[in-house]
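Enquirer:
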Amino acid sequence: MDEIDVVVIGAGQAGLSSAYYLRRFGYEPLVLDAADGPGGAWRHRSPTLTMDKVHGIFDLPGIRRDLNDDRSGGRDLDGERSGGRDSDGGRSGGRDSDDGRSGGRDSDGGRSGGRPAAEVVPAYYGDYERRLGLRVVRPVKVAAVARAGERLVVTADTGQWAARAVVNATGTWTRPYWPYYPGARDFRGRQSHYATYRGPAEFAGRRVVVVGGGHSAAHVLSELAGVAASTLWVTRSLPAFSDADFGEQARRAAVARVEERVRAGLVPQSVVSVTGLGHTPVVREALAKGAMERLPMFERITEYGVRWADGSSHEADTIVWATGFRSALDHLAPLRLREPGGGIKVDGTQAVREPGLQLVGYGPSASTIGANRAGRTAAENVRRFMTGGSPASTAA
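Sequential numbering of the sequence shown, starting at 188, is according to the numbering used here.
1) Using the beta-carbon count (16 or more within 10 Å), is V398 buried or exposed?
2) If you compare alpha carbons, which of G346, A405, R494 is closest to R471?
3) Apart from the five residues on each side of it in sequence, which residues of its chain come closer than 7 Å, Cβ to Cβ, to Y364?
4) Start and end of the beta strand (DSSP E) containing H501?
5) Can you name the start and end residues of the alpha helix (DSSP H) that L419 belongs to?
6) Starting from H380, follow its DSSP beta bridges and name the residues at the other end.
7) Across which residues does DSSP place E190 in a beta bridge pair?
8) Can you tell me the Cα-Cα spacing of P388 and P326, whole angstroms?
9) Return the first residue and the last residue of the alpha helix (DSSP H) that A343 is part of.
10) Taking the alpha-carbon positions, what's the W194 to R230 distance?
11) G548 to S204, Cα distance in whole Å?
12) Should L209 and A538 be called a contact, given that it needs their Cβ atoms to be closer than 8 Å?
13) Put V308 into one of helix, strand or coil per three-state DSSP.
14) Considering only C-alpha positions, which residue in the set P468, V340, R351, G370 is nearest to H402?
15) Check the C-beta distance from G199 over to A333 and give it rounded, since I have them as a contact under 8 Å.
16) Kindly indicate which three-state DSSP category V470 falls into: helix, strand or coil?
17) Let me make sure I understand the geometry here. Which of L321, S233, G224 has the alpha-carbon closest to that of R211?
18) Looking at L425 and A473, is the spacing between their C-beta atoms short of 8 Å?
19) How far does the beta strand (DSSP E) with A330 in it extend, from its first residue to its last?
20) What runs of the alpha helix (DSSP H), each 4 residues or longer, lie entirely inside the segment 525–573?
21) Does DSSP classify R318 as helix, strand or coil?
22) What would DSSP say about R252, mapped onto helix, strand or coil?
23) On the DSSP letters alone, give me the boundaries of the beta strand (DSSP E) that V407 sits inside.
Quick look at the structure:
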């Protein structure tokens, strides 16, 4: 068993941000990633989700994504091409920011606008890993994290590591949420989740019900309209469309509201449940096609469609569940962190029940809005834990 200071589990935005700041604070984290290549959840997105449709990509800290470079390489924050030196001695450390200096820039500029996000973002992440010289090992699937004396033992399919601290950044993509409705097993058509959505072609001529009130549902509706024989949009609650400018202050407020739940040990809500549906490119396209005429949630699924409590029904041969994801945290079960409310109590990124564990990509940092700031907070907390200090808060 190898002994190490810090293990980061997951190499998405939150994991890479954490690794960057850990390096800034003098640690050399080992990053374990379950995927075959860089990109986090982005590598699994539909090829039809192009960069001009994406609702804003946040740069990773230290190296900006070059909007005018088809190779999607990065630039240091001082404007020079990164030379691969890390930020405590190299060019990428000139200026740092909680949000990677991007301000949440939309991705519809530059020559990469029509390219799939599943190509552009992983290329940027891979470039980031190489230029900073981060120690990322993949594919490694972590099975368990358990306390053993003064260390946390990380057990994976490729070995074990005894770490003084662990930053968990496993995100949500591997845990698609399928809500249960009566009659689901009797449905004679096809049911799929947004996690496996790969574009409208396979739905040509089909009668599709799309379930969900977020941007994933809007993406599906925007592409299926005019391709499917029909689309029907249903949500549990009335969607809240927002015309507000989602600037820095609004982003911080949204993160803070989601963070209230995780501090109480409740299951996190999505950020979009707080912010509402902004008029992003996919939302505007779906609205223009008349595909966002919402109906309330059906009561049950029938053999040939769906039915509401008042007895009305709708025939369909396909149901797409754009109902979000849950945190992928099964490997943390040996630590017994779950609260009666179903969640893990977290203060900032600090797991309250386990002082050696940071959770990023959980709750408020499960979206691109809070991931960079959470990475920095996690690294600060690791440093304080190692030196006997008190944990930081993302609200600061």
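Glycine included, each C-beta is placed from N, C-alpha and C at the ideal position.
Expert: Straight from the coordinates:
1) With a 10 Å radius around the Cβ and a threshold of 16 neighbouring Cβ atoms, V398 comes out buried.
2) Relative to R471, the option among G346, A405, R494 whose CA is nearest is A405.
3) Counting only Cβ-Cβ distances below 7 Å, and skipping sequence neighbours, we find T510, G511, F512, R513.
4) 500–502 is the span of the beta strand (DSSP E), which, as asked, contains H501.
5) That residue, L419, is in no alpha helix (DSSP H); its beta strand (DSSP E) goes 417–422.
6) For H380, which the question treats as bridged, DSSP gives the partners W508.
7) According to DSSP, E190 bridges with A349.
8) Reading the sequence as shown, one finds Ala at residue 388 and not Pro. If I take the Cα positions, the gap works out to 31 Å.
9) Following the DSSP letters along the chain, one finds A343 in no alpha helix (DSSP H) but inside the beta strand (DSSP E) bounded by residues 338–343.
10) Note that residue 194 corresponds to Val in the displayed sequence, not to Trp. In a straight line, the C-alpha of V194 is about 22 Å away from that of R230.
11) It is roughly 11 Å from the alpha-carbon of G548 to the alpha-carbon of S204.
12) No, they are not a contact pair.
13) Three-state result, V308: helix.
14) Measuring C-alpha to C-alpha distances from H402 to each of P468, V340, R351, G370 identifies P468 as the nearest.
15) The distance from the Cβ of G199 to that of A333 is about 23 Å, inconsistent with a contact at the 8 Å cut-off.
16) Three-state DSSP puts V470 in a helix.
17) Scanning L321, S233, G224 for the CA closest to the CA of R211 turns up L321.
18) Taking 8 Å as the Cβ cut-off, A473 and L425 do not qualify as a contacting pair.
19) 329–335 is the extent of the beta strand (DSSP E) around A330.
20) Listed in chain order, nothing qualifies, since the segment 525–573 has no complete alpha helix (DSSP H) run of 4 or more residues.
21) In this structure, R318 counts as helix in the three-state DSSP scheme.
22) Residue state, collapsed to three classes: strand.
23) From DSSP, V407 is part of no beta strand (DSSP E) but of the alpha helix (DSSP H) over 402–411.
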